[in-house]
Every structure is written in C-alpha cells, then in structure tokens.
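Since the structure comes first, as structure tokens, the remarks are kept for the end.
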Amino acid sequence: MWTSTPTASSTDIYDKVAGEMQQKGYGCECLGGGRISHQSQDKKIHVYGYSMGFGRAQHSISTEKIKARYPDYEVTWADDGY
C-alpha cells in the first residue's frame, strides 16, 4: 500500500485497505512499512526507512516486486532514514 498524501499515517492507510480487503473476503496483515522516493523523470525508485507504528518492512522484498513491475527503472533500497 502507498499514498502520495503526506498527511496520511501508516495506520490510517492500513485501516482503510484492510477494511476493503476484508469486505471482499481476504485477510490482511501489515509486515512493516517505509517510504518510497519515485523520480519518474530519471526512472529511479528508492525504498527506505520504516513505519513508526509497524516497524521496518523487508525492503529487499519490496524492491524485487517493484523491479518486476518497473523493469526499466533503477530500483534501490536502504534501511536508513525515516
């Protein structure tokens, strides 16, 4: 899940998405969070940081999923940053 709205918290986003998924009969669990920097002009995506409420996601997994969807992008990650 992600948002371009800087004021939305991880908890707010998760609650909305989890509710929508549960209505469709799916289970949902948050395994951590972080941030994504998307520089479309340069075709670069950087995954970093953590969620105050959910901790740090495994960014290596997130970047592999992103690379599969955006094969022509440079996709990187780091545990640094908030």
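Counting in numbering that gives the first Met the number 0, the sequence shown runs without a single skipped number right up to 81 at its last residue. For each residue, glycine too, the CB sits at the ideal point set by N, CA and C. All of these numbers come straight from a predicted model, not from anything done at the bench.
Residue i, enclosing alpha helix (DSSP H) - first and last residue
i: residue 68; result: 58-68
i: residue 17; result: 9-22
Start and end residues, beta strand (DSSP E) containing residue i
i: residue 107; result: Outside the modelled stretch of the chain, which goes from 0 to 81, sits residue 107, for which no answer is possible.
i: residue 55; result: Looking at the DSSP string, residue 55 is not in any beta strand (DSSP E), and its letter there is neither H nor E.
i: residue 28; result: It is not in any beta strand (DSSP E) - residue 28 carries neither H nor E in the DSSP assignment.
6 Å Cβ shell around residue i - same chain, five flanking residues per side excluded
i: residue 77; result: 47
Nearest residue (CA-CA) to residue i, options the options
i: residue 10; options: 67, 80, 62, 28; result: 28
i: residue 39; options: 12, 71, 80; result: 71
DSSP-derived helix/strand/coil call for residue i
i: residue 33; result: coil
Cβ-based burial, residue i [other Cβ within 10 Å; buried from 16]
i: residue 7; result: exposed
i: residue 25; result: exposed
Sequence-distant residues of its chain with Cβ nearer than 7 Å to residue i (five each side left out)
i: residue 20; result: 27
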